[in-house]
Amino acid sequence: MSQKIPTRDGFGHELVELGKTNNKIVMVSADLEDATRAEYFKNAYPQRFFSVGIAEQDMVGTAAGLSLLGFTVFINSFAVFLTNRAYDMIRMDLCYNNCNVKIICSHGGLTVGEDGASAQCLEDFAIMRVLPNMKVVCPADELEARKATRAFAQTFGPMYMRTSRAALPVITKPEDVFEIGKANVLREGKDVSIIACGVMVSESLSAANILAKENIDARVINMHTIKPIDAEIIIKSAQETQAIVTAEEHQINGGLGSAVAEVIVKKCPAPMEMVAVNDSFGETGTPEQLLQKFHLKDVDIVDAVKKAIKRKNKI
183 MSQKIPTRDG FGHELVELGK TNNKIVMVSA DLEDATRAEY FKNAYPQRFF
233 SVGIAEQDMV GTAAGLSLLG FTVFINSFAV FLTNRAYDMI RMDLCYNNCN
283 VKIICSHGGL TVGEDGASAQ CLEDFAIMRV LPNMKVVCPA DELEARKATR
333 AFAQTFGPMY MRTSRAALPV ITKPEDVFEI GKANVLREGK DVSIIACGVM
383 VSESLSAANI LAKENIDARV INMHTIKPID AEIIIKSAQE TQAIVTAEEH
433 QINGGLGSAV AEVIVKKCPA PMEMVAVNDS FGETGTPEQL LQKFHLKDVD
483 IVDAVKKAIK RKNKI
């Protein structure tokens, strides 16, 4: 059984490591640093940590100012609060001015769990990826969250990363290469390509194991970067497997599935199915209960794969 760790922990620990050698890294928080794991940085470098209280819009403006002074600024909150309440400031202060500010949001998706629908952000990929200059990342596990945090610190410009409250299986390896905008093939296959991000990557690997027992050979791709999307690997997979399934813990509209579809329809049309939340808000429940209720489990990916292959065979 894989070890399970929240991806927010990977972010928190890696930022502390980065702070040891880069004194230009600063953190601005809006009162939720304990839950986002930004408190690790606060405890290690209190002079480089600034709290604005429960004021997400002020946090973004403050971060923009610090970035214009030459700092690499990390800001944090729950995904639903920061992407929704401070959208105008993210758009105008950060993206319009191409500020070097990194937005790290925990508690995204249904796996927020018992906090309920009002705290379960299911539209952050769509909101963030439409903004010019913004990069959007959703790591599959704690190790990848560490690597993404390091890449954020080393890359100029506004960036968004969703991290998890729930503990996710560690499915990547320390030696795996992480590059913003370059997906990783975790399993080769010739019959269908499953493209996933976040918690849905482990569900996709489980689905591939189920499919293998039915002689369906599924390729699994960890599309950790939603923007810029790795068009090259999407086109290659569509050409080679001729069937695509996307899986994400997000609304079916505007997220990873939409980003992949934009590439498919332009470059290499192929049957495609999407596993995502079907245009609804979440509910209160455990992460596992919610993934099951909203059809985001491995068995749901299996069903989507069979639909895509059936459509492929009719062409």
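Each residue of the sequence shown is one higher than the last, beginning at 183 in my numbering. We put the beta carbon where it would ideally sit given N, CA and C, even for glycine.
In terms of Cβ geometry, K284 and M241 do not form a close pair [threshold 8 Å].
By the Cβ criterion, the segment 326–339 is in contact with the segment 191–206, since at least three pairs of Cβ atoms, one from each stretch, lie closer than 8 Å.
Secondary structure of P469 (DSSP, three-state): helix. In this structure, DSSP gives A425 a state outside helix and strand, which the three-state scheme calls coil. Put simply, of L350, Y269 and K317 the residue whose alpha carbon is nearest the alpha carbon of H289 is L350. With the rule of 3 Cβ pairs closer than 8 Å, the segment 479–486 counts as touching the segment 444–458. Comparing alpha carbon positions, the residue from V447, E396, Q433 and G192 closest to A308 is Q433.
Across the structure, V381 and M209 are spaced so that their CA atoms are roughly 26 Å apart. Under DSSP, no beta-bridge partner is assigned to A486. Nearest C-alpha to V427 among N397, K449, Q421 and S386: S386. Comparing alpha carbon positions, the residue from L250, D323, V359 and E430 closest to C303 is E430.
Bridge partners of Y342 according to DSSP: I285 and V318. Counting along the chain, A458 sits inside the beta strand (DSSP E) bounded by residues M454 to V459.
Using a Cβ-Cβ distance cut-off of 8 Å, the segment 312–325 and the segment 466–476 are not in contact, since fewer than three pairs of beta carbons, one from each stretch, lie closer than that value. Under the DSSP assignment, A400 falls in the beta strand (DSSP E) whose first and last residues are A400 to N404. Between G247 and the set A348, L276, E221 and N258, the nearest pair of CA atoms involves L276. Between K364 and D412 the beta-carbon gap is near 6 Å, inside 8 Å, which marks them as a contact.
In this structure, DSSP gives C379 a state outside helix and strand, which the three-state scheme calls coil.
S462 is classed as exposed because its beta carbon has fewer than 16 other beta carbons within 10 Å across all chains shown. In the structure shown, R219 falls within a coil segment according to DSSP collapsed to helix, strand and coil.
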